[in-house]
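Residue numbers for the sequence shown follow full-length UniProt numbering, so the first one is 1 and each next one is one higher. The C-beta atom is built at its ideal place from N, Cα and C for all residues, glycine as well. Below: one structure, written as structure tokens.
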Amino acid sequence: MGAGRYAGVPDLAGSLAVAGSLLASPAAAFGAADRLFRQEALPAAQTEVEDAESPPVFTTPAPEELLPAATPAPESGEGAAQPEGENAQADPAPTPGPPPEGMGTIVSAHYQQGSGDAYIPCAAGTIKNCTSLSAAEVAEAAAGPLPFDIEVGSSEPQVLIMHTHATESYELEDLGWFDPEYTCRRTDTALNMVAVGAVIAEQLNAAGIVTLQDATLHDYPSYNGSYERSNATVRGYLEKYPSIKVVLDVHRDAIETDEGRVKAVADVNGKTAAQVMIICGADKNGNLPNFKQNLAFAAQWESAMESRFPGLTRPVLFDYRYYNQDLTTGSLLIEIGSHGNTLSEAVYSGQLVGEALAGLFTTGA
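As structure tokens, this is what we get:
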């Protein structure tokens, strides 16, 4: 647990400073950091093989979730391969202008909440049921109360933010194309998922909800075994701080189509945000006995985000995933954007995600 820290104290200053500069001035942040970025990428040979019960966190939006999105204008100064048929309704619109020779295309898409038998409403959002449980069973579990009491104003930690795949990262500029040699992974915590998690933690701490963030690179130097290592990290925190009720594993997705890499976007208050998605695991052979409590939390958080910031979320993915979600009754994984999004879009979404979660914990909605 040597990499753990309170968000906002001096050893997180670097990440928060970069995150803050991205919110205030993307051009300045990108210009200052770009000299380091290309040296920071991980080897292209990095594998995507993962632990048996925790496959890579890459998702496939269904056709009924996809809406065409107008490509946002480039900011000033600035998951998995999708199976055939997924874009039945509409293809995302590519950014104008062909990419340079040898570069790949990034396309923008906005995902709606979805409809049909697989989608269960949860107030402002929906849950995509990928399990054998009936819609009625999922709806009943999702309608449950929060399974924990957050002590606002307490000096004891209530929330832990960590990153099983901390080196996941984003594009640095909104160019409409990507370099195939860029692995979308960085070890610099000011440039990867740790920077996004820091912004979420900052919002919670500002609301009087003591939040810890662990900055361990569980996926570096080896990607294999990431979840085993993060499991040990979380257990260590829970033993040291039994007051922790919520554990959030913050990732980003990786969505690709025949057109190229996808950046999932939403317009929130006139700014481009990376769309987010909660993943909640379902019990399989007794490995997640607390899954209904996690699902109730997921449903309320989804609704809190979507009601405050319409269009920010994709449907909650409820599936047979493990992701160490048996460790508390408030354990969830959240995807902030995709590998086609920019870091500034992801950081902005981190701010929104944290704000909505703080609102849920302080006002109940």
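Asked                                                                                                                                                                                       : Found
Just to confirm the assignment: which complete beta strand (DSSP E) runs, minimum length 3, are found wholly within the region 125-159?                                                     : 125-129
Measuring only the C-alpha atoms, how far is A253 from G359?                                                                                                                                : Here the sequence assigns Asp to residue 253, which means Ala is not the residue at that position. Approximately 25 Å between the Cα atoms of the pair.
In whole angstroms, what separates the C-alpha of G350 from that of T233?                                                                                                                   : 22 Å
Does the Cβ-Cβ distance between V347 and V199 come in under 8 Å?                                                                                                                            : yes
With DSSP as the reference, label R314 as helix, strand or coil.                                                                                                                            : coil
Does the Cβ of G286 have 16 or more other Cβ atoms within 10 Å, making it buried, or fewer, making it exposed?                                                                              : exposed
Would you mind sorting T342 into buried or exposed? The rule is 16 or more other CB atoms within 10 Å of its CB.                                                                            : buried
I believe F318 touches T131 by the beta-carbon criterion, under 8 Å. Please report the beta-carbon distance rounded to the nearest angstrom.                                                : 6 Å
Please go through the same chain and pick out, in chain order, the residues whose beta-carbon is closer than 6 Å to the beta-carbon of A207, but skip the five residues on each side of it. : A358, T362
Could you tell me the boundaries of the alpha helix (DSSP H) in which I200 lies?                                                                                                            : 193-206
Residue range of the alpha helix (DSSP H) that M103 falls in?                                                                                                                               : M103 -> no alpha helix (DSSP H), and no H or E assigned at all.
With 16 as the cutoff for other CB atoms within 10 Å, does P289 come out buried or exposed?                                                                                                 : exposed
Around the Cβ of N269, are there at least 16 other Cβ atoms within 10 angstroms (buried) or fewer (exposed)?                                                                                : exposed
Can you list, in chain order, the residues of its chain with a C-beta nearer than 6 Å to that of F309? Leave out the 5 residues immediately preceding and following it.                     : V268, L352
Can the beta-carbon of L295 be found closer than 8 Å to that of A190?                                                                                                                       : no
From E140 to Q325, what distance separates their C-alpha atoms?                                                                                                                             : 20 Å
For a quick check, are the C-beta atoms of G236 and Q213 less than 8 Å apart?                                                                                                               : no
Who are the Cβ neighbours of G144 in its own chain at under 6 Å, not counting the five residues just before and after it?                                                                   : A296
Which residue wins for smallest C-alpha separation from C280, given the options V265, L204, T187, V138?                                                                                     : V138
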